[in-house]
Amino acid sequence: MDNFTVARVLDEIAHYIQLSETTPFKSRAFERAARSVEKLEQDVNALVASHKLLDTPGIGKGIGPVIEELVKSGKSSYLEELRAQYPPGIFDLLRVPNLGLKKIGVLYERLAITSIDELERAAKDNLVAALPGFGAKTQQKILQGIEFARKRESQFLLPAGLEVGELVREQLAAIEEIEDAEVAGSVRRRLEVIRNVNIVIATRAPERVIAQLSRIVADVEVIDETTVKGIARSEVPVVFHLAYPDQFGLAVLRATGTREFAEAFEAKAGRDLAARNEEQLFEKAGIAFVEPELRENADELKRKKRPKLIHPSDLRGTFHVHTTYSDGRNSVAEMLAAARDRGFDYCGISDHSPAAYYAGGLPKERVKEQQADIARESKKLAPLRVFRGTEADILPDGTMDYGDDLDMFDFVVASIHSRFQMTEDEMTERILTALDDPRVTILGHLTGRRLLTRNGYLVNYDRIFDKCAERGVLMEINGNPQRLDLDWRHLRKAASRGVMFVINPDAHSVREMSHVISGTWVARKGGIGAKEIFNTRGVDEVAEWLEKRATKV
DNA sequence: GCCGTTTTCGGCCCGACTGTTTTCAGTCG
């Protein structure tokens, strides 16, 4: 059993404890132990074998045996006991905003509520308002929260759509009558939030294909001779569009959308639209190929010159990478190796600053340890060039966390992690003040949004774009699929005002280094090319730029 | 439950916000 699995079990136990315990300390102890196990340098199995488990901070006589049992038998009787006390799916209630484990615990104890549907009924029957710690307003908020959660239920982040699309396409390949299949729709357009996955199938035997689709998706529903719906992975709606091979190009174009784009295309194109693929279709129509990402409306068909969009292989390095020094899951060495394995020439490490207490922000002394670690590890990974940075909080008054100590860093990502509900004016002033700090290199995730979870804070985009351009501060395109912030809808405007972008993964693990790819989706969708992205530049140019900026201070 | 030590219990615990309270609890980042 690996360290992360052990940590997940401890976290689950902590969750259950919170449901029943009145004080937070016991559950926090389990959470602390989980974090401790995650950050272990060595394998937890080895630690148990050598009887050194109890030397680990946060693991004592209570939690130690839990881990030991887990490692030896693969299960935890304590967790199983807890699971047996509550209905499965009790944590599903966490999807209702402002509903935490304490309140869920009360709802279950007093009203035996185990699901969102039951909660809605109880709130409508006015039973929730009477509970201790609840009231009329909380009850009202719960009902609103349920509505919010339901609306989200039918939406998915793009990576989920891409995964389902690929999976289904692979399964379709096994059906003999299918000559070709392509993922279309909003997934192909790389829209950040999707409702379904559209897949176009080329076949000469549509009936025989339709008869076999139930092997791939559930709840098959035949809409007409060419359209079939189903559900993949028991939650994601899939729409199949069937076409004869010589009509495949047009079918892909139509299913990719948007409708506005497809209609404008067909109006512009000739009458004979038979084509085996989209490239052929565009060629036949005498229209320059429009990348799917740019088809949200018909504007691109009016352009004379095609923009050259950025490609992931244009990226030479990246910034905004977290490590175990703050809230990352992997060590400095592991993150740097991941950057090298990606073929990068440089990588910027940036852990949190002290104001981000909940994320384990680093005090000055810890920064020194981290930088010594970076110095050691970067030697081993040469020629990879490592930049020592920070993701420092923009404090509520617009000053930067670390203050003058920002001099310790090669680069500074300035981000907001607190006081989200300021007015637009206040928030804009706060950010503008930070941008005037000459040590700030990059403005991190501009709006702090979490897709499908919470809206971003309010800002005046134009004023911030102008200030970034004026001060030469790079604007981050945060590639975390939950953020994708700055939004692609703002990129062209920002670029036209002279803003330079940087695509960052905001990686908290080796796996999340791939967020640089999702970052390029945003840039492409915004119509941005390599020239406008700072980290397409070579390592020498980047190093020189950073140094020049630092000495200007 | 863990930790530390004024050695066996008491403290752990950031800060804003909201709503429930009438001084605090729950949630969130």
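Here the first sequence is numbered in the numbering used here, starting from 13 and rising by one per residue.
Every residue, glycine too, gets a C-beta built ideally from N, C-alpha and C.
What residue does the beta strand (DSSP E) around residue i start on, and which one ends it?
i: residue 194; result: 190 to 196
i: residue 397; result: 397 to 405
i: residue 487; result: 486 to 490
i: residue 330; result: 329 to 333
i: residue 364; result: 358 to 364
Below 8 Å on the Cβ atoms is my guess for residue i versus residue j; work out the distance and round it to an integer in Å.
i: residue 520; j: residue 495; result: Rounded, the Cβ-Cβ distance is 12 Å, inconsistent with contact.
i: residue 60; j: residue 83; result: 5 Å
i: residue 386; j: residue 344; result: 6 Å
i: residue 406; j: residue 427; result: 7 Å
i: residue 443; j: residue 398; result: 28 Å between Cβ atoms; not a contact.
i: residue 177; j: residue 195; result: 4 Å
i: residue 42; j: residue 75; result: 7 Å
i: residue 170; j: residue 203; result: 7 Å
i: residue 464; j: residue 164; result: 5 Å
Residue i lies in the alpha helix (DSSP H); which residues open and close that run?
i: residue 218; result: 218 to 224
i: residue 211; result: It is not in any alpha helix (DSSP H) - residue 211 instead sits in the beta strand (DSSP E) that spans 209 to 215.
i: residue 473; result: 473 to 483
i: residue 171; result: 170 to 184
i: residue 277; result: 271 to 280
i: residue 127; result: Unbroken run through residue 127: none, as it is neither H nor E.
i: residue 343; result: Element bounds for residue 343: n/a, residue is neither H nor E.
i: residue 158; result: 148 to 165
i: residue 260; result: 260 to 268
i: residue 118; result: 113 to 123
i: residue 53; result: Neither: residue 53 is in no alpha helix (DSSP H) and is coded neither H nor E.
i: residue 77; result: 75 to 85
i: residue 28; result: 15 to 32
i: residue 312; result: 311 to 314
i: residue 90; result: 89 to 97
Whose C-beta lies closer than 8 Å to the C-beta of residue i among residues of the same chain, with five residues either side of it excluded?
i: residue 374; result: 337, 338, 363, 364, 365, 366, 382, 402
i: residue 471; result: 436, 439, 440, 443, 458, 459
i: residue 181; result: 193, 194, 195, 211
i: residue 102; result: 31, 116, 120, 126
i: residue 167; result: 205, 206, 207, 464
With H, G and I counted as helix, E and B as strand and the rest as coil, what does DSSP make of residue i?
i: residue 497; result: strand
i: residue 520; result: coil
i: residue 239; result: strand
i: residue 620; result: Residue coverage of the chain in this structure runs from 13 to 565, which leaves residue 620 outside it and unanswerable.
i: residue 437; result: helix
i: residue 466; result: strand
i: residue 252; result: strand
i: residue 558; result: helix
i: residue 367; result: coil
i: residue 443; result: helix
i: residue 513; result: strand
i: residue 420; result: helix
For residue i, which residues of its own chain have a beta-carbon under 7 Å away from its beta-carbon, when the five flanking residues on both sides are left out?
i: residue 235; result: 241
i: residue 500; result: 534, 537, 538
i: residue 21; result: 82, 88, 91
What does a CB cutoff of less than 6 Å around residue i pick up in its chain, not counting 5 residues either side in sequence?
i: residue 453; result: 423, 424
i: residue 90; result: 78
i: residue 531; result: 489, 491, 515
Taking three-plus beta-carbon pairs below 8 Å as touching, is the segment 262 to 278 in contact with the segment 304 to 315? Yes, the segment 262 to 278 is in contact with the segment 304 to 315.
Contact between the segment 238 to 251 and the segment 202 to 212 is defined here as three or more beta-carbon pairs at a separation below 8 Å; is this criterion met? Contact between the segment 238 to 251 and the segment 202 to 212 is present, because at least three Cβ pairs lie under 8 Å.
Counting Cβ pairs closer than 8 Å, one from the segment 146 to 165 and one from the segment 105 to 114, do we hit at least three? Touching, yes, given that three or more Cβ pairs across the two stretches are closer than 8 Å.
Given 8 Å, three or more beta-carbon pairs between the segment 180 to 191 and the segment 211 to 225: Output reads yes: the segment 211 to 225 touches the segment 180 to 191.
Measuring CB atoms only, is the segment 309 to 322 touching the segment 476 to 488, in the sense that at least three cross pairs come out at less than 8 Å? The answer is no - the segment 476 to 488 does not touch the segment 309 to 322, with fewer than three Cβ pairs under 8 Å.
Could you tell me whether the segment 274 to 294 touches the segment 319 to 334, using the rule of 3 or more Cβ pairs below 8 Å? A contact is defined here as three or more CB-CB pairs under 8 Å, and the segment 274 to 294 fails this definition with respect to the segment 319 to 334.
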